[in-house]
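Asks:
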Amino acid sequence: MVTHPPLHSCKLELDTSPTAFGELRPSADYLDQPEILNQRLDEDGYLFIPGFFNRDLILEARTSVAQRLAAEGALNPKYPATDLIAASDKAMTYRGDLALNNPAVERVVYGPELDGFYAALFGEPVRHFDHIWFRAVSQGLGTPPHCDHVYMSRGTHQLLTCWIPYGEVTLEVGGLMVLEDSHLKSDRLQSYLDVDVDRYCENDPKQVAKVKGTSAWSHPGWLTNNPVVLQKRLGGRWLTTQWQPGDFLTFKMNMIHASLDNQTRQIRLSSDTRYQRLSQPADARWVGDNVAGHGPRAKQGRIC
Ligand SMILES: O=C(O)CCC(=O)C(=O)O
Ligand SMILES: [Fe+2]
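Numbering (the working numbering), first residue to last: 22 to 325.
Right under this line is the structure:
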């Protein structure tokens, strides 16, 4: 790993010694050998494919988002919009709206390149979820450790997340990291992995008042807010890279991941999207023309 300043996640300084922090293993050499990719996916819980997309495709999407952010006054006009330098300290993280009706982003995440990649990997036609989780992450912010399972487990569990950076994302800007081998330790996370953030206990008046008919969650979805202690307790290294436009990472629903905090004034742009076999059931919250998402229609009451 290149030299870098102290790195943070959840505002805590990470242990970046070689036993606690390292580089993702690239698998771009095996794109035409899906059996090797599947073997690595099972072994590592993820596939890191550097240089997969044509850079221009990614940079066009970056430009389209930069234009929207500039139009709303979020960017410092002294710099080119595509530098994504924030105009203020305003906190920004999840910005799904930036991908809505955005053909340049849709071209990347729903285009033939990823469709072909997942069809080869799954060995049959695939579908994607009809929602693009788009993030524009400002200084000081990042994502706490979690597994995606808790947000999207109502269909097949053989579902993969695809994380794509739109532009260079250095360690200081703060991209995604996965906790090495955590997908092999689900037995130690069972009560967490049983969570469905849109489910609530019908016999708990507080949960009913908070969740039923609203967009609120019964559980924050995070495994912890302390990536340092988590790494020490569970073992494995936090793995990441200096992301380049064109790279992507795909990983399993039970892989623990988080992001480094953004230590710069440059807004970090990324998307995460989901892919599965067409023949398998899909989580109804995330497919169709007008997805329910985590909104009121998604809530399910249970007697707990
Ligand atoms: O980009 C981030 O900070 C978090 C992304 C994430 O959680 C995901 O790709 O599932
Ligand atoms: Fe996630």
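Glycine included, every Cβ here is placed at the ideal spot set by N, Cα and C.
For Ser-207, name the three-state secondary structure that DSSP assigns.
Replies: Correct three-state label for Ser-207: helix.
Asks: Using beta-carbon positions only, say whether Leu-328 and Leu-45 come within less than 8 Å of one another.
Replies: Residue 328 cannot be examined here, being either before or after the span of the chain that is shown, 22 to 325.
Asks: Is Leu-320 helix, strand or coil when you go by DSSP?
Replies: It is worth fixing the name first, because residue 320 is Lys in this sequence and not Leu. Note: Lys-320 maps to coil in three-state DSSP.
Asks: Can you give the Cα-Cα distance for His-315 and Pro-226, rounded to whole angstroms?
Replies: Their Cα atoms are separated by approximately 20 Å.
Asks: So, do the region 47-65 and the region 113-133 have three or more beta carbon pairs nearer to each other than 8 Å?
Replies: Contact fails: fewer than three Cβ-Cβ distances are below 8 Å.
Asks: Can we count His-204 as close to ligand 1, meaning its CB is less than 7 Å from some heavy atom?
Replies: It does not: the Cβ of His-204 is nowhere closer than 7 Å to a heavy atom of ligand 1.
Asks: For ligand 2, which residues have a Cβ under 7 Å from at least one heavy atom, in chain order?
Replies: Chain-ordered list of matching residues: Thr-164, His-167, Asp-169, Thr-182, His-278, Asp-293.
Asks: Is Val-129 near ligand 1, with its Cβ less than 7 Å from a heavy atom?
Replies: For ligand 1, not one heavy atom lies less than 7 Å from the Cβ of Val-129.
Asks: When you measure from the CB of Leu-197 to every non-hydrogen atom of ligand 1, does any distance come out below 7 Å?
Replies: Yes, ligand 1 has a heavy atom inside 7 Å of this Cβ.
Asks: If you follow the alpha helix (DSSP H) that Thr-84 is in, where does it begin and where does it stop?
Replies: Residues 76-92.
Asks: Going by the C-beta, is Trp-259 closer than 7 Å to any heavy atom of ligand 1?
Replies: No, the beta carbon of Trp-259 sits no closer than 7 Å to any heavy atom of ligand 1.
Asks: Going by Cα to Cα distance, which pick from Trp-243, Arg-116, Leu-197 is closest to Asp-268?
Replies: If we check each option's Cα against that of Asp-268, Leu-197 comes out closest.
Asks: Between which two residues does the alpha helix (DSSP H) carrying Arg-286 extend?
Replies: Here Arg-286 belongs to no alpha helix (DSSP H), and DSSP marks it neither H nor E.
Asks: Any contact of the region 217-225 with the region 237-246, i.e. 3+ C-beta pairs under 8 Å?
Replies: As far as the Cβ criterion goes, the region 217-225 touches the region 237-246, which means the pair count is three or higher.
Asks: Enumerated in chain order, which unbroken segments of the beta strand (DSSP E) with a length of 3 residues or greater are wholly contained in the region 210-294?
Replies: Listed in chain order, the complete beta strand (DSSP E) runs (minimum 3 residues) inside the region 210-294 are 220-222, 259-261, 269-273, 278-280.
Asks: Terminal residues of the continuous beta strand (DSSP E) containing Val-147?
Replies: Note, Val-147: beta strand (DSSP E), 147-149.
Asks: I'd like to know if the region 285-298 and the region 143-156 are in contact, where contact means that at least 3 CB-CB pairs between them fall below 8 Å.
Replies: Yes, they touch.
Asks: Phe-155 and Ser-292: beta carbons closer than 8 Å?
Replies: Yes, the Cβ-Cβ distance between Phe-155 and Ser-292 is below 8 Å.
Asks: My guess is that Pro-266 and Arg-76 are in contact by the Cβ rule of under 8 Å, so how many angstroms apart are they, rounded?
Replies: That pair is a contact at about 5 Å.
Asks: Check His-170 in the structure and name its three-state DSSP category.
Replies: DSSP places His-170 in helix when its eight states are reduced to three.
Asks: Anyone know if the C-beta pair for Leu-181 and Lys-273 falls short of 8 Å?
Replies: Yes, Cβ-Cβ distance for Leu-181 and Lys-273 is below 8 Å.
Asks: Any heavy atom of ligand 1 closer than 7 Å to the CB of Arg-156?
Replies: Result yes, Cβ under 7 Å from ligand 1.
Asks: Determine the direct distance from the alpha carbon of Asp-169 to that of Thr-177, and round the result to whole angstroms.
Replies: Whole-angstrom Cα-Cα distance: 13 Å.
Asks: Counting only the same chain and skipping the five closest in sequence on each side, list residues whose C-beta sits under 7 Å from that of Gln-263.
Replies: If we look at Gln-263 and ignore the five residues flanking it on each side, its Cβ neighbours are Val-23, Thr-191, Leu-192.
Asks: Would you kindly report the start and end of the unbroken alpha helix (DSSP H) that includes Arg-61?
Replies: Counting along the chain, the alpha helix (DSSP H) containing Arg-61 begins and ends at 55-65.
Asks: Report the partner residues of Glu-107 according to the DSSP bridge assignment.
Replies: Sequence inspection shows Ala at residue 107; the Glu mentioned does not correspond to that position. Its beta-bridge partners are Leu-96.
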